[in-house]
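**Q** My numbering puts the first residue of the sequence shown at 8, with every later residue one more than the last.
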Amino acid sequence: MEKIIGGIKRECYPITEAEMLHLYTMTFSPTQEIVNLGTGRYLKMDINMSILREALNRAVSRCETMRLRLWKEPETGQIWQYVMPYENQYFEYYDFSDLTDEKVKSILDGWTSQPFDTFGGPLSRIVLVSMPNGWNGFYMNVHHATMDAASIITFSRDVMDIYCSLRYDLPYPKPMTSYIESVKKDMEYLAGGKKKDADEKYWSEQLARDEPIYTDFTGPGRLYAQRLESKNPKQRAAALISRDAAGSTVTYDLDADSTKKLVDFCEENGFPVSVLLLHGLRTVLSKFNNNEKDVCIKDFVARRSTVLAKKCGGVRMHCMTLRTIVEPTDTVLESMAKIDKAQNELFKHAEYGPMTFYRRQRETYGYAPRGGYESIGFTYQPATLKSIVPYLRDIPYKSFWYSSGKQPQAFYLTAMHRPSDGGLTFHFGYQSDVATPKEIEFLYYYLGRVLFRSIENPNATVQEIMDMV
Numbered sequence: 008m009e010k011i012i013g014g015i016k017r018e019c020y021p022i023t024e025a026e027m028l029h030l031y032t033m034t035f036s037p038t039q040e041i042v043n044l045g046t047g048r049y050l051k052m053d054i055n056m057s058i059l060r061e062a063l064n065r066a067v068s069r070c071e072t073m074r075l076r077l078w079k080e081p082e083t084g085q086i087w088q089y090v091m092p093y094e095n096q097y098f099e100y101y102d103f104s105d106l107t108d109e110k111v112k113s114i115l116d117g118w119t120s121q122p123f124d125t126f127g128g129p130l131s132r133i134v135l136v137s138m139p140n141g142w143n144g145f146y147m148n149v150h151h152a153t154m155d156a157a158s159i160i161t162f163s164r165d166v167m168d169i170y171c172s173l174r175y176d177l178p179y180p181k182p183m184t185s186y187i188e189s190v191k192k193d194m195e196y197l198a199g200g201k202k203k204d205a206d207e208k209y210w211s212e213q214l215a216r217d218e219p220i221y222t223d224f225t226g227p228g229r230l231y232a233q234r235l236e237s238k239n240p241k242q243r244a245a246a247l248i249s250r251d252a253a254g255s256t257v258t259y260d261l262d263a264d265s266t267k268k269l270v271d272f273c274e275e276n277g278f279p280v281s282v283l284l285l286h287g288l289r290t291v292l293s294k295f296n297n298n299e300k301d302v303c304i305k306d307f308v309a310r311r312s313t314v315l316a317k318k319c320g321g322v323r324m325h326c327m328t329l330r331t332i333v334e335p336t337d338t339v340l341e342s343m344a345k346i347d348k349a350q351n352e353l354f355k356h357a358e359y360g361p362m363t364f365y366r367r368q369r370e371t372y373g374y375a376p377r378g379g380y381e382s383i384g385f386t387y388q389p390a391t392l393k394s395i396v397p398y399l400r401d402i403p404y405k406s407f408w409y410s411s412g413k414q415p416q417a418f419y420l421t422a423m424h425r426p427s428d429g430g431l432t433f434h435f436g437y438q439s440d441v442a443t444p445k446e447i448e449f450l451y452y453y454l455g456r457v458l459f460r461s462i463e464n465p466n467a468t469v470q471e472i473m474d475m476v
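1) Would you tell me roughly how many angstroms separate the C-alpha atoms of isoleucine 15 and isoleucine 187, rounded to the nearest one?
2) Check whether the Cβ atoms of valine 308 and asparagine 464 lie closer than 8 Å to each other.
3) To the nearest angstrom, how far is it from the Cα of tyrosine 372 to the Cα of glutamate 218?
4) Report back the beta-carbon spacing between phenylalanine 385 and leucine 420 to the nearest angstrom; my notes put them in contact at under 8 Å.
5) Considering only residues of the same chain and omitting the five flanking positions on each side of threonine 222, which have a CB-CB separation below 6 Å?
6) Hey, methionine 147 and threonine 72: beta-carbon distance below 8 Å or not?
7) Quick one: is threonine 313 buried, meaning 16 or more other Cβ sit within 10 Å of its Cβ, or exposed?
8) With the cut-off set at 8 Å, would you say serine 427 and proline 403 are in Cβ contact?
9) To the nearest angstrom, how far is it from the Cα of phenylalanine 459 to the Cα of phenylalanine 407?
10) Grouping DSSP H, G and I as helix and E and B as strand, with all else coil, what is isoleucine 133?
11) Compute the beta-carbon to beta-carbon distance between proline 335 and valine 469, rounded to the nearest angstrom, for a pair I have assumed lies under 8 Å.
12) Please report the Cβ distance between aspartate 440 and arginine 216, rounded to the nearest whole angstrom; I am assuming they are in contact, meaning their Cβ atoms lie under 8 Å.
13) Is it the case that the Cβ atoms of proline 139 and leucine 115 are separated by a distance below 8 Å?
14) Whole angstroms is fine: what's the gap from tyrosine 49's alpha carbon to arginine 234's?
15) Using a Cβ-Cβ cutoff of less than 6 Å, which residues in the same chain neighbour arginine 17 once the five nearest sequence positions on both sides are dropped?
16) Decide if methionine 33 is buried, meaning its Cβ has at least 16 other Cβ atoms within 10 Å, or exposed.
17) If we count Cβ pairs, one from each stretch, closer than 8 Å, do we get three or more for the stretch 315-330 versus the stretch 156-173?
18) Are the Cβ atoms of isoleucine 12 and leucine 63 separated by less than 8 Å?
19) From the DSSP output, read off the bridge partner residues of tryptophan 78.
20) Go through its chain and collect everything with a Cβ distance to threonine 125's Cβ below 8 Å, but skip five positions before and after it.
21) In whole angstroms, what separates the C-alpha of glutamine 96 from that of glycine 117?
22) From which residue to which residue does the beta strand (DSSP E) around threonine 328 run?
23) Does DSSP put isoleucine 22 in a helix, a strand or coil?
24) Please name the residue in Tyr93, Val136, Ser104, Gly127 whose C-alpha comes closest to that of lysine 79.
25) Measure the Cβ-Cβ separation of leucine 353 and leucine 315 and say whether it is below 8 Å.
26) From phenylalanine 433 to proline 444, what does the alpha carbon distance come to, in whole angstroms?
27) Take every Cβ of the stretch 199-211, pair it with every Cβ of the stretch 353-363, and state whether three or more of those distances are shorter than 8 Å.
28) Going by the DSSP bridge assignment, what does serine 406 pair with across the sheet?
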């Protein structure tokens with residue numbers, strides 16, 4: 008739909024539910040940096056900064072969401088999106104090579120805390136940097152309503168593919184796809200049809216089940232306290248509430264050999280790695296909550312199963328309640344089979360809008376706003392740079408995720424493979440009013456024990472695994 012914005016006619020499109028989910032989080036924070044995603048991509052090698060600058064410009068020209076703008080219509084308040092024409096940029100360069108790692112992190116965290124002008128201004132910033140100890144690359148900060156982790160990884164891949172083509176005369180990468188085309192697909196889905204009807208039916212059946220129960224990562228104390236406050240001893244939902252969404256990230260690295268054991272186990276038994284990680288999480292939550300069989304985790308789905316979706320950039324992440332009921336007599340492999348089945352069903356019906364789902368869930372079970380049954384969100388990112396940029400396979404590479412000082416989710420885990428060695432890194436994002444680093448360390452300790460006791464004893468029962476740890 009054409010709109011006149013700043014005196015210029017623009018082709019505008021409605022906001023998707025995935026985008027609105029991130030705009031909604033802004034209502035929980037007095038400042039807008041809660042939606043910032045700051046990342047750094049660094050190689051331990053000399054980089055021709057002029058060629059990298061050219062590669063970044065070409066990558067931006069190929070990625071619509073790096074040129075996306077949001078606009079709120081004054082008369083109606085409705086939010087629209089449009090793509091700005093490409094204009095060549097001169098990305099600034101900063102030499103931090105003489106500073107300490109701690110000082111550089113402080114600077115880049117500070118850059119990440121600088122909010123965007125959400126409705127009108129550019130929604131990304133890129134800076135070329137030289138880091139301490141011979142690392143070089145670029146820092147990028149983007150608005151979460153325009154990019155998610157998967158699209159940041161894809162964009163970074165495109166930058167390095169273009170750089171290698173220009174610098175070393177390697178094949179030029181295939182073009183990105185159109186984010187606007189993916190938005191049109193989402194609009195077609197919302198207009199109705201067999202797929203939406205099937206998703207409506209599935210989620211209606213899920214909401215027709217008995218009410219779930221909240222399982223906290225610190226134990227049942229939070230639910231018990233809220234039962235006392237509400238004077239409802241049968242209350243089954245609880246809320247993780249922050250005053251201002253202030254928070255940070257705690258990161259743990261699992262070594263490459265240990266990661267390989269987890270991956271090999273999954274391959275041998277025909278399960279995705281995400282299923283094993285979810286088995287570990289839900290088993291820990293069960294143990295911490297009096298061996299509760301009914302456990303809910305907020306599962307984030309990338310929705311990138313097609314070529315269009317994989318390479319279009321943007322934010323396509325949806326999240327739903329992944330509910331599993333595992334008996335203490337179920338074996339590890341039986342537990343994983345239940346989780347695999349539930350997750351496959353969730354993925355199949357993940358086009359359904361998350362805000363619509365959670366509104367219906369609240370209406371069905373009657374819990375208070377911001378309540379629910381999950382104490383932790385989960386996403387798994389398997390992609391690595393080494394798997395997609397062959398020339399760089401023998402060159403040390405690392406990525407960083409910087410903190411804006413605000414967190415959009417109360418508590419969540421993102422598990423990603425490191426491009427340097429393939430090992431898993433666990434990023435725990437948390438709001439300070441909800442969790443503490445010590446509580447997260449305690450959870451991670453038990454998660455590791457459950458995971459390795461499980462792959463060592465796949466025919467042991469879940470109860471036996473909980474007793475072992």
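All C-beta atoms in this analysis are idealised placements derived from N, C-alpha and C, irrespective of residue type, glycine included.
**A** Let's see:
1) Locating residue 15 in the sequence shown gives position 8, where the first residue counts as 1. Locating residue 187 in the sequence shown gives position 180, where the first residue counts as 1. Those two C-alpha atoms are separated by around 19 Å.
2) Position 301 of the sequence shown holds residue 308. Position 457 of the sequence shown holds residue 464. It is not a contact, given that the beta carbons lie outside the stated cut-off.
3) Taking the first residue of the sequence shown as position 1, residue 372 is located at position 365. Taking the first residue of the sequence shown as position 1, residue 218 is located at position 211. Roughly 7 Å between the two C-alpha positions.
4) One-based indexing of the sequence shown puts residue 385 at position 378. One-based indexing of the sequence shown puts residue 420 at position 413. That belief holds up - the Cβ atoms of phenylalanine 385 and leucine 420 are roughly 5 Å apart, short of 8 Å.
5) To locate residue 222, count along the sequence shown from 1; it is residue 215. Leu292, Asn296, Glu299, Val302, listed in sequence order.
6) Here residue 147 is taken as the residue at index 140 of the sequence shown, counted from 1. Here residue 72 is taken as the residue at index 65 of the sequence shown, counted from 1. Contact flag unset, no.
7) Here residue 313 corresponds to residue number 306 of the sequence shown, with the count starting at 1. Threonine 313 comes out exposed.
8) Walking along the sequence shown from the start, residue 427 turns up at place 420. Walking along the sequence shown from the start, residue 403 turns up at place 396. It is a contact, given that the beta carbons lie within the stated cut-off.
9) The residue you call residue 459 lines up with position 452 of the sequence shown. The residue you call residue 407 lines up with position 400 of the sequence shown. Their Cα atoms are separated by approximately 27 Å.
10) Counting from one through the sequence shown, the residue named residue 133 turns up at place 126. In the structure shown, isoleucine 133 sits in a strand (DSSP, three-state: E or B).
11) As a working mapping, residue 335 is identified with position 328 in the sequence shown. As a working mapping, residue 469 is identified with position 462 in the sequence shown. Indeed they touch by this definition, with Cβ atoms about 6 Å apart.
12) For the purposes of this step, residue 440 is identified with residue 433 of the sequence shown, where counting begins at 1. For the purposes of this step, residue 216 is identified with residue 209 of the sequence shown, where counting begins at 1. That belief does not hold up - the Cβ atoms of aspartate 440 and arginine 216 are roughly 31 Å apart, past 8 Å.
13) Within the sequence shown, numbered from 1, the residue matching residue 139 stands at position 132. Within the sequence shown, numbered from 1, the residue matching residue 115 stands at position 108. The answer is no: Cβ separation not under 8 Å.
14) In the sequence shown, the residue the question calls residue 49 occupies position 42. In the sequence shown, the residue the question calls residue 234 occupies position 227. Whole-angstrom Cα-Cα distance: 49 Å.
15) Walking along the sequence shown from the start, residue 17 turns up at place 10. The answer, listed in chain order, is Lys10, Tyr89.
16) The sequence position of residue 33 within the sequence shown is 26, counting from 1. The residue in question, methionine 33, is buried, as its Cβ has 16 or more Cβ neighbours within 10 Å.
17) yes
18) For this step, residue 12 is matched to residue 5 along the sequence shown. For this step, residue 63 is matched to residue 56 along the sequence shown. Taking 8 Å as the Cβ cut-off, isoleucine 12 and leucine 63 do not qualify as a contacting pair.
19) On the sequence shown, position 71 is the one that residue 78 refers to. In the DSSP output, where bridge partners are listed per residue, tryptophan 78 has Trp87.
20) Here residue 125 refers to the residue found at position 118 of the sequence shown. So the list reads Leu30, Met33, Gln39, Val42, Leu77, His150, Ala152, once near-sequence residues are dropped.
21) By 1-based counting over the sequence shown, the position of residue 96 is 89. By 1-based counting over the sequence shown, the position of residue 117 is 110. Cα to Cα, glutamine 96 sits roughly 22 Å from glycine 117.
22) Along the sequence shown, read from residue 1 onward, the residue named residue 328 stands at position 321. First-last of the beta strand (DSSP E) with threonine 328: 325-332.
23) Numbered from its first residue, the sequence shown carries residue 22 at position 15. The answer is coil: DSSP assigns isoleucine 22 none of H, G, I, E or B.
24) Your numbering for residue 79 matches position 72 in the sequence shown. Closest by alpha carbon: Gly127.
25) Counting from one through the sequence shown, the residue named residue 353 turns up at place 346. Counting from one through the sequence shown, the residue named residue 315 turns up at place 308. No, the pair does not count as a contact, with Cβ atoms beyond the cut-off.
26) Residue 433 sits at position 426 when you count from the first residue of the sequence shown. Residue 444 sits at position 437 when you count from the first residue of the sequence shown. Phenylalanine 433 and proline 444: Cα-Cα distance of roughly 13 Å.
27) yes
28) Looking up residue 406 in the sequence shown gives position 399. Arg48.
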